[in-house]
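Under UniProt numbering, residues 1 to 283 are what the sequence shown spells out, in order.
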Amino acid sequence: MAAHASQLCPVQDPSALLKFFFALYVHWLSRSTRIEPITILSPEESTAVTDVPGMARAWDAARDTADLFPVLNPARPMVNAAHTVGRSGLQLFYKELRRAHLLLQDSSATANTPPYQQLWRPYNLLQEYRYFVGVHIASVHESPTTCESILNAWKGFIESKLRIFIYALEGMAEVRPFPQPVADKPNTAVVEQGITLLQSSRAFFFGVRRGDTEVKRSIFAGAIKEFEFAVEEGTAPRHGFVRDVAAMRGPWFSFFSKDEAAAPGSALYALQVACAEAMSDEL
Numbered sequence: 001m002a003a004h005a006s007q008l009c010p011v012q013d014p015s016a017l018l019k020f021f022f023a024l025y026v027h028w029l030s031r032s033t034r035i036e037p038i039t040i041l042s043p044e045e046s047t048a049v050t051d052v053p054g055m056a057r058a059w060d061a062a063r064d065t066a067d068l069f070p071v072l073n074p075a076r077p078m079v080n081a082a083h084t085v086g087r088s089g090l091q092l093f094y095k096e097l098r099r100a101h102l103l104l105q106d107s108s109a110t111a112n113t114p115p116y117q118q119l120w121r122p123y124n125l126l127q128e129y130r131y132f133v134g135v136h137i138a139s140v141h142e143s144p145t146t147c148e149s150i151l152n153a154w155k156g157f158i159e160s161k162l163r164i165f166i167y168a169l170e171g172m173a174e175v176r177p178f179p180q181p182v183a184d185k186p187n188t189a190v191v192e193q194g195i196t197l198l199q200s201s202r203a204f205f206f207g208v209r210r211g212d213t214e215v216k217r218s219i220f221a222g223a224i225k226e227f228e229f230a231v232e233e234g235t236a237p238r239h240g241f242v243r244d245v246a247a248m249r250g251p252w253f254s255f256f257s258k259d260e261a262a263a264p265g266s267a268l269y270a271l272q273v274a275c276a277e278a279m280s281d282e283l
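Written out as structure tokens, the structure reads:
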């Protein structure tokens, strides 16, 4: 996207290019027509890119009509690098682009003035959302090193399936993920069958809302079942990911409001700590 903006506005002034970037894509996403693909290739070059045997199929406007935000990779195969963007993600992306565009309209802004400082401020999920859904996983093992290795593998697999969960949640509410996994509980020792094991856990949090109405956990039951099925299907032997059921625990799910008491060890407490750490990074 940055390369495409640079093609259209070949200037040396970084400030002018930054302003143009946000103005361009606010306009791009504001049009009533279907979003055209973003590409740095000329029409002739785009037409010349064909499918390569054994590789993913190149993006096709007629076939890939379900893609909401086509950003085409110029390398072969020319696939949509943003094919995972869903309805809520696109809405939030547009909102952030528009926020930045309006901040940069101040002609007196410089790199040291408040508009630019606001542009780089981290986003605090707790400020905008009242209700949250959490996906929790854990690993257990006698060895701390092995426990961490197992958790990383399990976390990577779960992350690969979160897109399915987000799409399912979007059928019920507006969704915004916290941008990274959270250590929702400290590492603890657990005793199972007389053996002391180390347990390490992670959580993925999502802000959810339906306008100004109250949100209840029950509306997400279908999304949870769909995600559980995706995890179960993905760990079937024919799909290649080998799950150690004894060591890879979860996923479990939480639903909570920021109005609840944030007791240490709770999902809300973990999210509060993660948001506070993210906001402190700007200092």
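For each residue, glycine too, the CB sits at the ideal point set by N, CA and C.
Inclusion of residue 258 and residue 130 in the CB contact set at 8 Å is warranted, their separation being smaller than that value. The Cβ atoms of residue 251 and residue 141 do not sit closer than 8 Å to each other. The beta carbon of residue 263 lies closer than 7 Å to those of 269 in the same chain, with the five residues before and after it left out. Cβ neighbours of residue 247 within its own chain (closer than 6 Å, five residues either side excluded): 139, 140, 141 and 150.
Per DSSP, the continuous beta strand (DSSP E) segment holding residue 137 begins and ends at 131 to 141.
Take residue 223, set aside five residues on each side of it, and the residues of its chain with a beta-carbon closer than 6 Å to its own are 168 and 169, in chain order.
In the structure shown, the three-state DSSP call for residue 206 is strand.
Counting only runs that start and end inside the region 52 to 108, the alpha helix (DSSP H) elements of at least 4 residues fall at 87 to 103.
If you check the CB distance, residue 176 and residue 104 do not come in under 8 Å. The alpha-carbon of residue 240 is positioned some 8 Å away from that of residue 234.
Between the beta-carbon of residue 185 and that of residue 201 there is about 5 Å, and that keeps the pair under the 8 Å contact cut.
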